[in-house]
Amino acid sequence: MALIIQKFGGTSIGTLERIRHVAHIIAQTQAAGHDVVVVVSAMSGETDRLIQMAYGISSQPNAREYDALVSTGENVSAALLTMALQDLNIAACSLNGKQAQIFTTNAHRRAHIEKISTDAIKGILAEKKIPVITGFQGVNAMGDITTLERGGSDTSAVAIAAALKADECQIFTDVAGVYTSDPRIVSDARLLTRITYMEMLALASLGAKVLHKQAVEFAKKHHIAVRVLSSFEKGNGTLISAHEGEKPWVSGVAFDRRQVKFSIVGIPKNKLERVLELIENAQFEIDMTVQNHSASDNTVDFTFTAHSDDCDKAAAFTKEIAKIVSARDVIIDDQIAKLSLVGLGMTSHAGIASKIFQTLGAENIPIYLITSTEAKISTIIDGKHLETGAKLLHDAFELGVHGLS
Numbered sequence: 220m221a222l223i224i225q226k227f228g229g230t231s232i233g234t235l236e237r238i239r240h241v242a243h244i245i246a247q248t249q250a251a252g253h254d255v256v257v258v259v260s261a262m263s264g265e266t267d268r269l270i271q272m273a274y275g276i277s278s279q280p281n282a283r284e285y286d287a288l289v290s291t292g293e294n295v296s297a298a299l300l301t302m303a304l305q306d307l308n309i310a311a312c313s314l315n316g317k318q319a320q321i322f323t324t325n326a327h328r329r330a331h332i333e334k335i336s337t338d339a340i341k342g343i344l345a346e347k348k349i350p351v352i353t354g355f356q357g358v359n360a361m362g363d364i365t366t367l368e369r370g371g372s373d374t375s376a377v378a379i380a381a382a383l384k385a386d387e388c389q390i391f392t393d394v395a396g397v398y399t400s401d402p403r404i405v406s407d408a409r410l411l412t413r414i415t416y417m418e419m420l421a422l423a424s425l426g427a428k429v430l431h432k433q434a435v436e437f438a439k440k441h442h443i444a445v446r447v448l449s450s451f452e453k454g455n456g457t458l459i460s461a462h463e464g465e466k467p468w469v470s471g472v473a474f475d476r477r478q479v480k481f482s483i484v485g486i487p488k489n490k491l492e493r494v495l496e497l498i499e500n501a502q503f504e505i506d507m508t509v510q511n512h513s514a515s516d517n518t519v520d521f522t523f524t525a526h527s528d529d530c531d532k533a534a535a536f537t538k539e540i541a542k543i544v545s546a547r548d549v550i551i552d553d554q555i556a557k558l559s560l561v562g563l564g565m566t567s568h569a570g571i572a573s574k575i576f577q578t579l580g581a582e583n584i585p586i587y588l589i590t591s592t593e594a595k596i597s598t599i600i601d602g603k604h605l606e607t608g609a610k611l612l613h614d615a616f617e618l619g620v621h622g623l624s
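Add 219 to a position in the sequence shown, counting from 1, and you land on the number used in this note's numbering.
Right, here's the structure in full:
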């Protein structure tokens, strides 16, 4: 008998009919002889609706009351799913973050889980009941309900799995698992049967929405096996673990249109160090950077990319830096995209980067920036070439019909 954590996302429980369907999935797991702990998100669209209500009342909602409001979405879905299980004659009990003793930092809206006291959850399991726990929320030292970052229900599930020393944490979504690329763009993208924590972290950081980045980090730290499954079709999904096994160097192609490129042009060379100091203090996340030195006029161009959500903040910041160091100009390009290869040992295997240049260059797709780590090689290209570039790399590295499974 195994202890399995099953987390269901908003799409999986988006309607009453789907909630009943999920109840049957849980029932089947229990019938197979396993102990089950369930974690739920709010029903699809519900969190957005609650946030809109908050800002409809106040332009700057109080953080404590914001969390009190927004967390109710998970309370509703936990109660409804518990009722659905009870209708199947399965003993179940819903728990909110406070009742489940999920203790977080004091910060509202972006709290982090610090500790989970398992007494309440284990007590319900001992009564032969299935705990149905609200994801995305916990309680701080003052006894107030807190919420995690968006997508935090994944993190809740993995944290509960770690605290209970569960055998597996299953994340149910609307896709069959993790693919070699987005099948909506790359038609021959293949489902991966397994992937490492490092590869999944790279995919999550590159915008893949299958699993929240913080959840993967938590799983890696606590050695929790995570399986991504579909709520709507049967299958074994994708297992995420530390195991590497015999596998190709490249496992997937990821891409993200939500990128903006900022260039500070004509920086006097003696002011470059000052630019780097200012960049270090940016109040937003800077992704890729590159410096271009001009011997003719003794200046430097400094370019970086940031997420489009931070565009206004980054634009103001960049213009302020240009003014401070007397740079010649600022150029902002929001028509770019990030195209990346994900795998293991990306920097230690010769020829991967050159193959990227050759593949894209053959179709006249210029690369503006490139960076690499052991788990990914990322490029910045013109956004209009993104879909073509993704398909080209997917084919060049044989990730489709001839790729891994």
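The C-beta atom is built at its ideal place from N, Cα and C for all residues, glycine as well. Note that the structure is predicted; figures quoted are calculated from it, not measured.
How many Å lie between residue i and residue j at the Cα?
i: Glu265; j: Phe227; result: 14 Å
i: Ser597; j: Asp267; result: 31 Å
i: Val435; j: Lys453; result: 23 Å
i: Val519; j: Arg547; result: 10 Å
i: Cys530; j: Gln502; result: 12 Å
i: Phe576; j: Ile586; result: 8 Å
i: Ala330; j: Phe391; result: 24 Å
i: Leu623; j: Ile459; result: Since pLDDT at Leu623 reaches only 45, below the 50 mark, its modelled position is unreliable, and no value is offered.
i: Ser255; j: Asn308; result: Reading the sequence as shown, one finds Val at residue 255 and not Ser. For Val255 and Asn308, the distance between alpha carbons rounds to 15 Å.
i: Met302; j: Ile584; result: 55 Å
i: Val429; j: Arg409; result: 15 Å
i: Glu606; j: Ser545; result: 38 Å
i: Ala251; j: Leu420; result: 31 Å
i: Val394; j: Ala319; result: 29 Å
i: Lys219; j: Arg237; result: For the chain, the structure presents residues 220 to 624; residue 219 sits outside this window and is missing.
i: Asn500; j: Arg493; result: 11 Å
i: Ser296; j: Thr457; result: 26 Å
i: Asp528; j: Ile540; result: 20 Å
i: Thr415; j: Leu422; result: 11 Å
i: Asp579; j: Ala311; result: With the sequence shown as reference, residue 579 is identified as Leu, and Asp is not the correct amino acid for it. The straight-line gap from Cα to Cα measures roughly 54 Å.
i: Leu618; j: Gln271; result: 41 Å
i: Ser277; j: Lys595; result: 42 Å
i: Ser336; j: Tyr274; result: 34 Å
i: Ile483; j: Thr592; result: 25 Å
i: Ala326; j: Ile349; result: 30 Å
i: Gly396; j: Ala444; result: 14 Å
i: Ile571; j: Gly608; result: 15 Å
Excluding five sequence neighbours on each side, which residues of the same chain lie with their C-beta closer than 7 Å to the C-beta of residue i?
i: Val241; result: Phe227, Ser231, Ile232, Leu300, Ser450
i: Gln225; result: Ile245, Thr248, Val255, Val257, Gln389, Phe391
i: His442; result: Ala461
i: Ala427; result: Ala473
i: Arg239; result: Ala303
In terms of DSSP beta bridges, what is residue i paired with?
i: Val479; result: Ala525
i: Asp520; result: Asn511
i: Phe227; result: Val259, Phe391
i: Ala250; result: Bridge partners of Ala250: none, in fact.
i: Pro280; result: Its beta-bridge partners do not exist; DSSP assigns none.
i: Phe474; result: Leu558
i: Ile404; result: According to DSSP, which records beta bridges pairwise, Ile404 is partnered with nothing at all.
i: Arg237; result: Its beta-bridge partners do not exist; DSSP assigns none.
i: Arg446; result: Gln389, Leu458
i: Leu611; result: According to DSSP, Leu611 bridges with nothing at all.
i: Ile486; result: Val519
i: Asp601; result: Ile555
If I measure Cβ to Cβ from residue i and keep anything under 6 Å in the same chain, skipping five residues before and after, which residues do I get?
i: Phe616; result: Val469
i: Lys334; result: Phe322
i: Ser290; result: Gln356, Ile364, Thr366
i: Ala221; result: His253, Asp386
In its own chain, which residues sit with a C-beta less than 8 Å from the C-beta of residue i, not counting the 5 before and 5 after it?
i: Ala525; result: Gln478, Val479, Phe481, Phe503, Glu504, Ile505, Asp506, Ala533
i: Lys574; result: Ala615, Phe616
Which residue spans inside the segment 310 to 380 form an unbroken alpha helix (DSSP H) run of at least 4?
If only complete runs of 4 or more residues are kept, the segment 310 to 380 shows the alpha helix (DSSP H) at 338 to 345, in order along the chain.
Counting beta carbon pairs with one atom in the segment 590 to 603 and one in the segment 540 to 555, are three or more of them shorter than 8 Å?
yes
Touching or not, the segment 368 to 384 and the segment 250 to 270, by the rule of three or more beta carbon pairs under 8 Å?
Yes, the segment 368 to 384 touches the segment 250 to 270.
Evaluate the contact criterion for the segment 399 to 415 versus the segment 466 to 486: three or more CB pairs, one atom per stretch, below 8 Å.
yes
Taking the runs of the beta strand (DSSP E) that are 3 residues or longer, which of them lie wholly in the segment 532 to 576?
548 to 552, 555 to 562
The segment 503 to 522 contacting the segment 476 to 495, beta-carbon criterion three pairs below 8 Å:
yes
Does the segment 277 to 297 come into contact with the segment 377 to 393, if we say contact requires no fewer than three beta-carbon pairs (one atom in each stretch) closer than 8 Å?
No, the segment 277 to 297 is not in contact with the segment 377 to 393.
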